[in-house]
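In my numbering, the protein residues as written are 53 to 306.
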């Protein structure tokens, strides 16, 4: 009889555990579905707001290619700078060392233009965000992240962030997928992005796509972006800009 009681008690315990696990799984599924529903509704709202005519009202209009304009306001427009790090902009850097002096030095012009753009954005009182990458091709170096930052992983002197500016460390090519950049920009009331930095054909392009996926309006500051080969830069700009200028058999959004 003692053995029977022991088996009955064990059965009750196992049954309670299984029931508890099942209930927990059901609650988790309900929470995930509700979170997905709320995120989908938020995305729809952002899309509707981005398409409203008042979304084009701004303090200034930036002239763009093909007789287009991009609205800019200090209250809802951020300058997002991608990967202005010594690793990419110097022959001493982890990626720069793999390219010729000529290819690395041509990015010096890009750095100067990014620095000038950064200074102008600060004077205008705009939100500024900086991304820093510890992704090098197929290699991800988590040991480089905060609080361990070595000199080449850090930003070049001309583009160092100021206190209060957004800084994110990413391990994906795009600056949104592996960081809380979207959350920080939303918190600052940002709806539009001026995008600049390096490399146009890799992290700039990926960030532009991820930003548009999140219903930010994006303006690529083409002359403040750069790649190790001018042809790569031009091709990436065409891929980013083309669908917005060639409207044949395409949507009619702004």
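All C-beta atoms in this analysis are idealised placements derived from N, C-alpha and C, irrespective of residue type, glycine included.
Next on the checklist: Would the segment 271–289 count as touching the segment 244–253 if we require 3 or more Cβ pairs under 8 angstroms?
Outcome noted: yes
Checklist entry - Pairing CB atoms from the segment 230–242 with CB atoms from the segment 201–214, are three or more of them under 8 angstroms? => result no
Checklist entry - So who's on the other strand from residue 274, going by DSSP bridges? => result According to DSSP, which records beta bridges pairwise, residue 274 is partnered with nothing at all.
Checklist entry - For the segment 109–119 against the segment 223–240, are there 3 or more C-beta pairs whose distance is under 8 angstroms? => result They do not touch, by the three-pair rule.
Checklist entry - Apart from the five residues on each side of it in sequence, which residues of its chain come closer than 6 angstroms, Cβ to Cβ, to residue 291? => result Excluding residues within five positions, none has a Cβ falling inside 6 angstroms.
Next on the checklist: What ranges does the beta strand (DSSP E) occupy inside the segment 147–226, keeping only unbroken runs of at least 3 residues that lie completely in it?
Outcome noted: 179–185 and 218–222
Checklist entry - Quick one, which of 233, 288, 294 and 141 has its alpha-carbon nearest residue 203's? => result 141
Checklist entry - Where residue 145 and residue 175 are concerned, what is the direct C-alpha to C-alpha distance, given to the nearest angstrom? => result 31 angstroms
Checklist entry - Can you check whether the CB of residue 132 is closer than 8 angstroms to the CB of residue 121? => result no
Checklist entry - From this set, 287, 286 and 269, which residue's C-alpha is nearest residue 26's C-alpha? => result The shown model of the chain, from 53 to 306, leaves out residue 26, and the question about it has no answer.
Checklist entry - Could you give the distance in angstroms between the alpha-carbon of residue 261 and the alpha-carbon of residue 73? => result 40 angstroms
Next on the checklist: Per the DSSP calculation, residue 129 is bridged to which residue(s)?
Outcome noted: Looking at the DSSP assignment, residue 129 forms a beta bridge with 244.
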